Amino acid sequence: MSAIIAIRQGHAGDIPALVSLLAQLFAIEADFAIDPEVQARGLELLRSRADAVILVAEAQGRVVGMCTVQLTASTARGGLSAGIEDVVVDETLRGRGIGRALLAAAEAWARRRGAVRIALLADETNLLALDFYDRLGFTRTRLVWLAKALD
Ligand SMILES: CC(C)(COP(=O)(O)OP(=O)(O)OC[C@H]1O[C@@H](n2cnc3c(N)ncnc32)[C@H](O)[C@@H]1OP(=O)(O)O)[C@@H](O)C(=O)NCCC(=O)NCCS
Numbered sequence: 124m125s126a127i128i129a130i131r132q133g134h135a136g137d138i139p140a141l142v143s144l145l146a147q148l149f150a151i152e153a154d155f156a157i158d159p160e161v162q163a164r165g166l167e168l169l170r171s172r173a174d175a176v177i178l179v180a181e182a183q184g185r186v187v188g189m190c191t192v193q194l195t196a197s198t199a200r201g202g203l204s205a206g207i208e209d210v211v212v213d214e215t216l217r218g219r220g221i222g223r224a225l226l227a228a229a230e231a232w233a234r235r236r237g238a239v240r241i242a243l244l245a246d247e248t249n250l251l252a253l254d255f256y257d258r259l260g261f262t263r264t265r266l267v268w269l270a271k272a273l274d
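For what it's worth, my numbering labels the leading residue of the sequence shown as 124, then goes sequentially.
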């Protein structure tokens with residue numbers, strides 16, 4: 124397949140393909156579990172929010188990559204911060220610039236909304252992804268992600 128791609132906002136019809144991509148991502152992230160129903164619910168929630176976006180990479184009419192972006196207010200920066208999640212490119216099409224294009228679109232979306240920072244979390248064992256973000260200009264922080272389930 125050609126790597127000629129379009130980056131666009133995700134719509135309801137993309138959800139099955141996005142759920143499959145998330146399964147590829149969560150298969151390598153020990154903190155998360157693959158559950159198509161849960162992932163579809165999360166994607167619908169993102170679609171319903173004005174301060175969030177699902178970005179989709181499409182090649183020859185097929186969804187081949189995705190990331191999501193959400194805005195939060197940062198007291199540290201006195202402005203909006205954009206959080207990127209769900210970054211994944213179909214395993215058959217990696218290394219062709221699709222991830223870079225998705226992250227550029229995420230950054231552009233955040234800038235258009237006035238965000239002063241863009242940030243993301245990565246699994247510390249995912250050295251390939253850490254290399255990828257390094258090339259895209261992200262720097263590591265000393266913060267550690269802590270979480271507690273409320274359901
Ligand atoms: C990480 C991922 C999204 C990168 O997408 P991609 O389309 O393969 O990356 P690109 O082809 O756009 O590469 C962009 C840059 O990162 C580098 N890069 C990409 N994959 C790399 C790898 N495996 N090792 C080292 N560098 C890598 C490329 O060399 C390129 O650098 P350059 O443009 O300066 O030459 C993709 O490999 C993926 O889906 N991985 C599995 C899911 C995952 O780990 N997601 C991140 C969760 S935090």
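Virtual Cβ for every residue (Gly too), placed ideally from N, Cα, C. All figures in this text were calculated on a predicted structure; none of them were measured in a lab.
- Task: Compare the C-alpha of R265 against each of E152, P159, L244 and G184 and name the closest.
- Result: For the purposes of this step, residue 265 is identified with residue 142 of the sequence shown, where counting begins at 1. Measuring from the Cα of R265, the nearest candidate turns out to be L244.
- Query: Nearest-angstrom Cα distance between L144 and D209?
  - Reply: Reading the sequence shown from its first residue, position 21 is the one you call residue 144. Reading the sequence shown from its first residue, position 86 is the one you call residue 209. Whole-angstrom Cα-Cα distance: 9 Å.
- Message: If the criterion is Cβ atoms closer than 7 Å, does the pair I128 and I207 meet it?
- Response: Counting from one through the sequence shown, the residue named residue 128 turns up at place 5. Counting from one through the sequence shown, the residue named residue 207 turns up at place 84. Not closer than 7 Å, so no.
- Message: I need the DSSP call for I138, collapsed to helix, strand or coil.
- Response: For the purposes of this step, residue 138 is identified with residue 15 of the sequence shown, where counting begins at 1. DSSP places I138 in helix when its eight states are reduced to three.
- Item | Whole runs of the beta strand (DSSP E) within the segment 167–249, excluding any shorter than 3 residues | 175–182, 185–197, 202–212 and 240–243
- Item | Identified DSSP bridge partners for Q132 | Numbered from its first residue, the sequence shown carries residue 132 at position 9. Beta-bridge pairing links Q132 to L178.
- Query: Quick one: what's got a C-beta closer than 8 Å to L225's C-beta in the same chain, skipping five residues either side?
  - Reply: On the sequence shown, residue 225 is found 102 positions in, with the first residue counted as 1. Result list for L225: I130, L178, A180, G188, M189, C190, V210 and V212, in chain order.
- Where Q162 falls, given that 16 or more other Cβ within 10 Å makes a residue buried: Counting from one through the sequence shown, the residue named residue 162 turns up at place 39. Classification for Q162: buried.
- Message: Does W232 pass the burial test, meaning 16 or more other C-beta atoms within 10 Å, or should it be called exposed?
- Response: Stepping through the sequence shown from its first residue, residue 232 is reached at position 109. Buried, by the Cβ-count rule.
- Item | Nearest-angstrom Cα separation, counted from D137 out to A228 | Position 105 of the sequence shown holds residue 228. Position 14 of the sequence shown holds residue 137. Cα-Cα distance, rounded: 18 Å.
- Message: In this structure, how does DSSP classify V287 when only helix, strand and coil are distinguished?
- Response: No answer is possible for residue 287: it lies beyond the span of the chain, which begins at 124 and ends at 274.
- Item | Rounded straight-line distance, which links the Cα of G202 to that of D257 | Against the sequence shown, residue 257 aligns to sequence position 134. Against the sequence shown, residue 202 aligns to sequence position 79. Each residue's Cα considered, the two are about 24 Å apart.
- Report the option in W268, R170, L273 and L250 whose CA atom is closest to the CA atom of I151. The residue you call residue 151 lines up with position 28 of the sequence shown. Looking at the Cα atoms, L250 is the closest of the given residues.
- Task: For A216, count neighbouring C-beta atoms within 10 Å of its own C-beta (all shown protein chains included) and say buried if the count is 16 or more, exposed if not.
- Result: Residue numbering aside, residue 216 sits at position 93 when the sequence shown is read from its first letter. Correcting the residue type first, residue 216 is Leu in the shown sequence and not Ala. Buried is the call here.
- Query: Under the rule that 16 or more other beta-carbon atoms within 10 Å means buried, what is M124, buried or exposed?
  - Reply: Indexing the sequence shown from 1 puts residue 124 at position 1. Since pLDDT at M124 reaches only 49, below the 50 mark, its modelled position is unreliable, and the value read off the structure follows with that caveat. Exposed: under 16 other Cβ atoms inside 10 Å.
- Task: Closer than 7 Å by C-beta to A146: which residues in its own chain qualify, once you throw out the five before and the five after it? Chain order, please.
- Result: As a first step, residue 146 is located in the sequence shown; it is residue number 23 there, counting from the start. For A146, where only same-chain residues beyond five positions count, the Cβ hits under 7 Å are I157.
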